[in-house]
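Numbering (the working numbering), first residue to last: 743 to 1110. Quick reminder that beta carbons are idealized off the backbone N, C-alpha and C, glycines included. As the structure is a prediction and not an experimental result, all values here were calculated from the model. Report on the following structure.
Encoded structure:
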């Protein structure tokens, strides 16, 4: 078998498993809809049509996919280093508030500069929030999974306080004043609020793909994720690399919130996110951390969200069913269909081989 054949086989395996997971989830949904007494074909027709048929529906899908893609890219950078940034949702909230604050508190700034200031502060805030669990992991061995998840709640409650009291716009709603027009992202389509953030996430995906594959830092990130001990032996400072990866990841998470505020809401609204950070985790897992795959997975997830609303309106099938299908897809992908291996006997090491059977856990900064 030639090297080119091996490449194509790896590509087919990488694409085939997520597609199979999607197909299985949709098949389960078909059964559930049928048991409920509804027409599954008509329901799926409304779902697909509401997401990908017609200019307005496609634009709505793209609008919903933008923060999901950005969040997925944030997760992917940390994953590449073996770190688990479960705190993108919190970084998104803090970045969103930072962008809104720059947007409504600074007046008379040229439009491009105003946007850059807002995005820059959001990136800095997101990176700082990701630095906390990274340094806790390096210094004290604290699991970044736990700390990033807990910091999500801290960020959400903190921004909720800010928008409920010191920065609350007069009125009944928990929201900040509207940002000035100079801080708004340029609209590509006024009818659906599709904005230039779509182009930004495409550029970010290309930059991250280049960073991970073509730069020295990207090489260090990938090598540290593959084997910390080998990386240290080859002279890579794995602790520093882990921190850098988390800083980049947090910065992108903050930018994800900024793009949503500057492009869609034009103010910070309490609990504005329906879970973009968690959806980003899902699409990154579905795409196996590939930046280009995250673009496609993000659009798919955005389509499920927008199509679910149309499906619920056109049929009696609730949109919560689609939320369940999204979870099932990730369940299948995460399992990677390795459950069948449990049916096979575990091979035993030959006696005297000197192998203890202990495997190195691929995490940054330490071996487990």
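- For residue 929, the pairing in a beta bridge is given by DSSP as 937.
- Between the stretch 824-844 and the stretch 857-868 there are three or more inter-stretch CB-CB distances shorter than 8 Å, so the stretches are counted as touching.
- Excluding residues up to 5 positions away in sequence, 831 lie with their Cβ nearer than 8 Å to the Cβ of residue 1017 in the same chain.
- Using a Cβ distance threshold of 8 Å, residue 1048 and residue 792 count as a contacting pair.
- Counting along the chain, residue 778 sits inside no alpha helix (DSSP H), nor does DSSP assign it H or E at all.
- Bounds of the alpha helix (DSSP H) holding residue 844 are 830-847.
- DSSP places residue 879 inside the alpha helix (DSSP H), whose first and last residues are 853-882.
- Positions of the alpha helix (DSSP H) runs, each at least 4 residues long and wholly inside the stretch 976-1007, are given as 980-1002 in order along the chain.
- By a beta-carbon distance limit of 8 Å, residue 780 does not contact residue 1065. Their separation comes to about 17 Å.
- Considering only 767, 931 and 784, the residue with the shortest C-alpha distance to residue 1068 is 767.
- The C-alpha of residue 916 is placed about 22 Å away from the C-alpha of residue 849.
- The closest CA to that of residue 820, considering only 988, 889 and 872, is found on 988.
- 880 is the residue among 992, 1056 and 880 whose C-alpha sits nearest the C-alpha of residue 980.
- Judged by their CB atoms, residue 822 and residue 997 are not nearer to each other than the 8 Å cut-off.
- According to the DSSP assignment, residue 801 belongs to the alpha helix (DSSP H) that extends over 797-822.
- Taking a C-beta distance under 8 Å as the contact criterion, residue 804 and residue 995 do not qualify as a contact pair.
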